[in-house]
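First residue of the sequence shown: 4, per my numbering; consecutive thereafter.
For glycine and all other residues, C-beta sits at the position ideal for the given N, C-alpha and C.
The structure appears right after this line, and notes come after that.
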Amino acid sequence: MKRHISIALVLAAGLPLLAACGGGDDAVASPATVTVTSQAPAPAPAPATVAPTTSAQAPVAAVSTPTGVDFPMPDMTGQVLQDAQDAMQDLGVMFSTSHDALGSRMQVLDRDWQVCDQNVPAGQQVTGNVEGQIDFGVVKLSESCP
4 MKRHISIALV
14 LAAGLPLLAA
24 CGGGDDAVAS
34 PATVTVTSQA
44 PAPAPAPATV
54 APTTSAQAPV
64 AAVSTPTGVD
74 FPMPDMTGQV
84 LQDAQDAMQD
94 LGVMFSTSHD
104 ALGSRMQVLD
114 RDWQVCDQNV
124 PAGQQVTGNV
134 EGQIDFGVVK
144 LSESCP
């Protein structure tokens, strides 16, 4: 992509000085026009991102209805909590909850936790407005599920 920039240099303050430099009274100063051409690189296209899946996971189709969602609950056990939450959002559930399966710790950084269990069994049909009703039992990635 070429970019043309025209710059008009008007030396209004310098006009009397130019006349005094030997042009006499009949010398006329005119504005100069400079065109600068630069070769700007074309913006790079955004890379496509694909969510990783394993052969055991089949994509789940969600249907958004006026009264909520309609999809079979996927098996989220073994997933990183953040990935499980992202999957729920892709299915139309914007708010899910989680709890520490080994105690009462808060999940501050969801990428540091893995899902051990879920309150909605895998394969069960999820319908309606279920915001905040899907809950994951989690432990830290370095821990074993109970």
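Buried or exposed: where does residue i fall if 16 or more other Cβ atoms within 10 Å of its Cβ makes it buried?
i	result
ALA35	Per-residue confidence for ALA35 stands at a pLDDT of 41, beneath the threshold of 50, marking its modelled position as unreliable; no derived number is given.
ALA125	exposed
LEU94	buried
LEU84	buried
VAL129	buried
ALA43	Only weak support is given to the placement of ALA43: the predicted model assigns it a pLDDT of 46, under 50, and the value that follows is read from those uncertain coordinates. Classification for ALA43: exposed.
Per DSSP, what kind of secondary structure is residue i in: helix, strand or coil?
i	result
SER127	Per the sequence shown, the amino acid found at residue 127 is Gln instead of Ser. GLN127 falls in the coil class under three-state DSSP.
ASP78	coil
SER147	coil
Hey, could you find the ends of the beta strand (DSSP E) residue i is sitting in?
i	result
ASP93	Looking at the DSSP string, ASP93 is not in any beta strand (DSSP E); the run it does join, the alpha helix (DSSP H), is 84 to 93.
SER101	100 to 103
CYS119	116 to 121
ASP138	138 to 143
How close, in whole Å, do the beta carbons of residue i and residue j come, if the pair is a contact with beta carbons under 8 Å?
i	j	result
SER99	MET91	5 Å
GLY135	THR70	About 16 Å; that fails the 8 Å criterion.
GLY140	ASP113	The pair is not a contact, with the Cβ atoms about 14 Å apart (cut-off 8 Å).
Output needed for residue i: all residues of its chain with C-beta closer than 8 Å, excluding positions within five of it in sequence on either side, in chain order.
i	result
LEU105	VAL142, GLU146 and PRO149
GLN127	PRO75 and MET76
GLN82	ALA90, GLN117 and VAL118
Excluding the 5 residues flanking residue i on each side, which residues of the same chain have their C-beta closer than 7 Å to its C-beta?
i	result
ASP115	LYS143 and LEU144
MET97	GLU134
GLN88	SER99 and ASP113
MET109	none
Between residue i and the rest of its own chain, which residues show a CB-CB distance below 6 Å, the 5 nearest in sequence each way excluded?
i	result
THR80	VAL118
ASP138	THR100 and ASN122
ASP78	ALA125
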